[in-house]
Amino acid sequence: MREILRHFPVCHVEAPGQHEEAKTLPASYVYPSMDQLSETLPTVIKHFGVRSVIGLGVGAGAYVLAKFALNHSDMVDGLILININPNAEGLMDSVANKLTEWTQTLPDTIIAHIFGKDEIQTNHDLIATYRHHITATMNQSNVNQFYRSYHSRGALEVERPVPGGSINVRTLKCSTLLVVGDHSPAVDHVVDCNSKLNPTKTTLLKMADCGGLPQVDQPAKVIEAMKYFIQGLGYLSSASMTRLRRSHTNDSQRGRLSSTDKNKQPHDTPMETFNGNSDNQISKSTGVVC
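Taking the UniProt record's numbering, the leading residue of the sequence shown gets 1, the next gets one more, and so forth.
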């Protein structure tokens with residue numbers, strides 16, 4: 001990962017109230033929808049003077065980045081989406097979520113959303129670590145509002161282009177890497193997302209013997225896949241690589257983009273700090289938003 005960070009400025013964007021030790025949001029505060037969160041990103045990117053980004057998101061973050069890329073394709077070079085669910089909550093999902101809210105605590109609900117049953121029962125250290133993170137460092141009221149917003153999301157409404165068909169099909173125009181563990185609760189959703197995207201621009205990495213967080217279970221493989229993907233975008237040409245088998249590659253069909261790499265410090269950015277009036281600029285090259 002250090003090799004990637006040497007070449008790109010990194011901006012980590014957090015939804016309102018989701019940073020560690022956050023204060024409880026005011027009672028009058030209306031939590032933004034996933035669509036509204038995605039429309040905050042152009043302001044963040046313009047704030048730092050970055051022309052385009054490579055987006056990296058997990059779960060709800062992956063959904064927000066995909067929504068952003070659909071509406072602002074000119075600002076996105078590529079997407080790395082882990083555990084994305086492109087669909088809205090169905091009726092049965094809504095009922096199940098209501099029952100879960102009545103019978104489980106918020107930390108239990110989030111853990112069940114991220115990890116599979118087998119992983120919860122066998123990987124006690126990992127589950128305990130995430131439970132402690134949720135209960136000890138996160139504001140429970142704020143997390144609950146974010147959780148409700150995510151489960152009220154709409155579908156991405158993307159459509160796989162048909163060869164010779166309409167060129168105006170709504171789909172992700174940038175190269176996209178989808179990542180999921182084969183034991184993840186999100187695996188079916190990610191496979192479904194892959195079936196809806198342009199096959200010439202999409203790579204699915206389904207990781208064997210991996211649970212709900214592949215970036216934690218097998219970080220070296222995920223980082224190696226990221227390096228291959230970023231190289232396919234025309235960056236990291238000097239990065240050292242090892243062999244990694246992937247389910248699908250389209251390097252020959254991906255555009256090669258020229259870039260001047262900038263070694264900048266990462267930035268940690270809460271969304272609520274932006275009002276669209278800043279002229280601060282730090283870089284004119286591609287950055288990574290996560």
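Yeah, the Cβ is synthetic: ideal placement off N, Cα and C, and Gly gets one too.
This structure is a prediction, so every number in the text was calculated from the model and none was measured.
### Spatial neighbours of glycine 212 in its chain, beta-carbon cut-off 8 Å, leaving aside the 5 residues before and after
These residues qualify, in order along the chain: Asn83, Ile114, Phe115, Gly116, Glu119, Gly181, His183, Ser184, Pro185, Ala186.
### Boundaries (first-last residue) of the beta strand (DSSP E) holding glutamate 159
Glutamate 159 -> no beta strand (DSSP E), and no H or E assigned at all.
### Query
At a cut of 8 Å, does the segment 134 to 154 reach the segment 225 to 238 through at least three beta carbon pairs?
No: fewer than three Cβ pairs fall under 8 Å.
### Message
Tell me which residue opens and which closes the alpha helix (DSSP H) that leucine 81 is part of.
### Response
Unbroken run through leucine 81 is the beta strand (DSSP E), 76 to 82; no alpha helix (DSSP H).
### Message
Can you look up serine 38 in the DSSP assignment and give me helix, strand or coil?
### Response
DSSP places serine 38 in helix when its eight states are reduced to three.
### Query
Out of Gly49, Asn198, Leu5, Gln104, which has the shortest C-alpha to C-alpha gap to cysteine 174?
If we check each option's Cα against that of cysteine 174, Asn198 comes out closest.
### Query
Looking at C-alpha atoms only, which residue of Ser149, Ala208, Gln104, His132 is the closest neighbour of residue 291?
One cannot answer for residue 291 here, as it falls past the ends of the chain, which runs 1 to 290.
### Message
Helix, strand or coil for histidine 12? Go by DSSP, reduced to three states.
### Response
In the structure shown, histidine 12 adopts extended strand secondary structure according to DSSP, grouped into three states.
### Task
Consult DSSP for phenylalanine 274 and reduce its assignment to one of helix, strand or coil.
Unreliable placement is indicated for phenylalanine 274, whose pLDDT of 46 sits below 50; no coordinate value is reported for it.
### Query
Can you tell me whether DSSP reads glycine 17 as helix, strand or coil?
Coil at glycine 17, not helix or strand.
### Task
For arginine 160, collect the residues of the same chain with a Cβ closer than 6 Å to its Cβ; drop the 5 residues on either side in sequence, then sort them by chain order.
Once the five neighbours on either side are set aside, the close Cβ partners of arginine 160 are Lys196.
#### Entry: CA-to-CA distance, serine 166 to glutamate 39, given in whole angstroms
Pairing glutamate 39 with serine 166, the inter-Cα distance amounts to about 27 Å.
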